[in-house]
Amino acid sequence: MKPILNKAIDERYSEMVEDLKSFIRIPSVLDETTAGKGCPFGLGVSRGLEWIIEKGKQFGFRSTNLDGYVGYIEIGDGVDTIGLLTHVDVVPAGTGWSVDPFGGEIKDGKIYGRGSIDDKGPTVAVLYALKAIKESNLAISKRIRLIVGADEETDNRCIQYYLKKEAPPIYGFSPDAEFPIINAEKGILQIDVIKKFEARVSPKVYVKKIVGGTKVNMVPGEAEALIVGLTLQNILQKLQNNVFKSKLQVEETPEGLLVKAKGTPAHASKPYEGENAIQILLSFLKTLGIEDSEALDMKADERDFGISCSDNISRALTMNLGVVSVNEKRGIFKFDIRYPVTVNGYEIIEKFKQSISDPNTEVFVSDHELPLYVNPDAEFIKKLQYVYKEMTGDDPKLLSIGGGTYCRYVKNTVSFGPVFPGQKELAHCSDEHIALNDLGLIAKIYAQAIWELAR
Numbered sequence: 001m002k003p004i005l006n007k008a009i010d011e012r013y014s015e016m017v018e019d020l021k022s023f024i025r026i027p028s029v030l031d032e033t034t035a036g037k038g039c040p041f042g043l044g045v046s047r048g049l050e051w052i053i054e055k056g057k058q059f060g061f062r063s064t065n066l067d068g069y070v071g072y073i074e075i076g077d078g079v080d081t082i083g084l085l086t087h088v089d090v091v092p093a094g095t096g097w098s099v100d101p102f103g104g105e106i107k108d109g110k111i112y113g114r115g116s117i118d119d120k121g122p123t124v125a126v127l128y129a130l131k132a133i134k135e136s137n138l139a140i141s142k143r144i145r146l147i148v149g150a151d152e153e154t155d156n157r158c159i160q161y162y163l164k165k166e167a168p169p170i171y172g173f174s175p176d177a178e179f180p181i182i183n184a185e186k187g188i189l190q191i192d193v194i195k196k197f198e199a200r201v202s203p204k205v206y207v208k209k210i211v212g213g214t215k216v217n218m219v220p221g222e223a224e225a226l227i228v229g230l231t232l233q234n235i236l237q238k239l240q241n242n243v244f245k246s247k248l249q250v251e252e253t254p255e256g257l258l259v260k261a262k263g264t265p266a267h268a269s270k271p272y273e274g275e276n277a278i279q280i281l282l283s284f285l286k287t288l289g290i291e292d293s294e295a296l297d298m299k300a301d302e303r304d305f306g307i308s309c310s311d312n313i314s315r316a317l318t319m320n321l322g323v324v325s326v327n328e329k330r331g332i333f334k335f336d337i338r339y340p341v342t343v344n345g346y347e348i349i350e351k352f353k354q355s356i357s358d359p360n361t362e363v364f365v366s367d368h369e370l371p372l373y374v375n376p377d378a379e380f381i382k383k384l385q386y387v388y389k390e391m392t393g394d395d396p397k398l399l400s401i402g403g404g405t406y407c408r409y410v411k412n413t414v415s416f417g418p419v420f421p422g423q424k425e426l427a428h429c430s431d432e433h434i435a436l437n438d439l440g441l442i443a444k445i446y447a448q449a450i451w452e453l454a455r
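With the first letter of the sequence shown counted as 1, position 245 gets the number 245 in UniProt numbering; the numbers rise by one all the way through.
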């Protein structure tokens, strides 16, 4: 380990904190309504990308913006390139925040805000790690490139664009998951189910609409349904005996009764850490005795679709019903599935389709990302393990996750932090934050690791 790198991070710590606060204050959420040439993901994301590129220039690094899709910041002049894969885009703020999600507020030793842990905090930490290496005048034999994407949370068009324009790194890491090291990522399937409803003859009681969720890769925190034909007393009686009564509210409106469900948002790769408002709502609606409501027949559990499975490397398949949009004519249901690394994803798709026999229902695969598995004996992994052990004293074991990072697009890359063992994963959650002490520590870990890989 190089003490000079830790010292350099300590000397710039206050600046790093202020820069992260400024970065968080840019709402870099995908907005296709403001997209255009040089700004493919909207003005907010463009501002975020320009901010980090300009910061790289201020630090004296070579910094390039590739048409608004992705940027890179680099030091060193070697033939081989070490890749550090991060992103500036963030998911929508969602609900349930106790602070401004784009305020960068410091409270109780933590910086709060959307992107603080996913992935603006780690991006700033890596940037300051590069600054520490440069200012310490340590010799490196390779080019070090911080690659900053702008569409990681949606379609990964950024990293795909980068690989069309630039050569891939020989190896590297992404600070976009957990410590110690993640060398396995589950396959990701996103499936849309569109169900057309048959015409009904003036039903007395029916579901007029159901809406819930904003992104398929988030456990929805809110959902609501408009019911026509029931009295408020009918629903309140059912509510009293429901296990989710504290999560449900009923309001009278001119159109009917509005039933609202409140859940707990979480990342779709770990749906068990949240409470799904759509599932809460659907389970309650089924108790109301509404006849001939096809929307309520939709399955919401992987066992119902016959796709439940597991392996020893990445554990069990998970499924999240992330978005629902139902009216009187059709229903759209969007599912996010994370399947084990040893399982064939195309077989999962076939089983899913076979479980739905209704001729009025169509199934579309909107996204399919194959699993990642990197050889645990790779030399660069051994170096990352060495640094992590030296810096933390903890066992640098290899992990698997359900989340998806850039690593599955770039060979010989793994996820390395920023969440430490035992910490709750706050990506995509309300009150997302990073502890100030952790920010300093991960910057030091990254500085030491990058130097080990590049020297």
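Here a beta-carbon is modelled for each residue, glycine too, at the ideal position from N, C-alpha and C. Being a predicted model, the structure only gives us computed values, none of them experimental.
- Residue environment: A129 is assigned as buried (16 or more neighbouring CB atoms within 10 Å of its CB, all protein chains considered).
- In the three-state DSSP reduction, G221 falls in the coil class, being neither helix nor strand.
- Boundaries of the beta strand (DSSP E) harbouring L84: 81-87, taken from the DSSP string.
- Between P220 and G213, the C-beta gap is smaller than 8 Å, which places the two residues in contact.
- Judged by beta-carbon spacing, C309 lies beyond the 8 Å limit of V363, meaning their Cβ atoms are not closer than that value.
- Under a 10 Å Cβ-count criterion, Y272 is classified as exposed, with fewer than 16 other Cβ atoms of the shown protein chains found around its own Cβ.
- For N437, the enclosing alpha helix (DSSP H) has its first and last residue at 436-454.
- Contact check between the segment 131-138 and the segment 154-169: fewer than three CB pairs, one atom from each, fall below 8 Å, which does not count as touching.
- Here Y373 is bridged, per DSSP, to A184.
- Taking a contact to require three or more Cβ pairs closer than 8 Å, the segment 372-387 and the segment 417-424 do not qualify as touching.
- A residue is called buried once 16 or more other Cβ atoms fall within 10 Å of its Cβ, and N217 is buried on that count.
- DSSP places I9 in the helix class (H, G or I) of the three-state scheme.
- The segment 228-240 and the segment 296-310 do not touch, with fewer than 3 CB-CB distances between them shorter than 8 Å.
- At a cut-off of 3 residues, the continuous stretches assigned as beta strand (DSSP E) that sit fully inside the UniProt domain "Peptidase M20 dimerisation" (259-357) are 318-326, 330-339.
- If you look at N65, you'll find it isn't in any alpha helix (DSSP H); it sits in the beta strand (DSSP E) that goes 62-66.
- Taking a contact to require three or more Cβ pairs closer than 8 Å, the segment 173-181 and the segment 379-388 qualify as touching.
- When secondary structure is reduced to three states using DSSP, K208 falls in the strand class.
- One Cα belongs to V410, the other to R145, and the distance between them is close to 14 Å.
- Counting the other CB atoms within 10 Å of its CB gives V29 a total of 16 or more, which places it among the buried residues.
- Taking the C-beta atoms as reference points, L321 is found nearer than 8 Å to A300.
- The beta carbon of T361 is closer than 6 Å to those of K195 in its chain, skipping five residues each way along the sequence.
- Nearest in C-alpha terms to L189, of all of E251, V341, G149, E328, is V341.
- L285 is classed as buried because its beta carbon has at least 16 other beta carbons within 10 Å across all chains shown.
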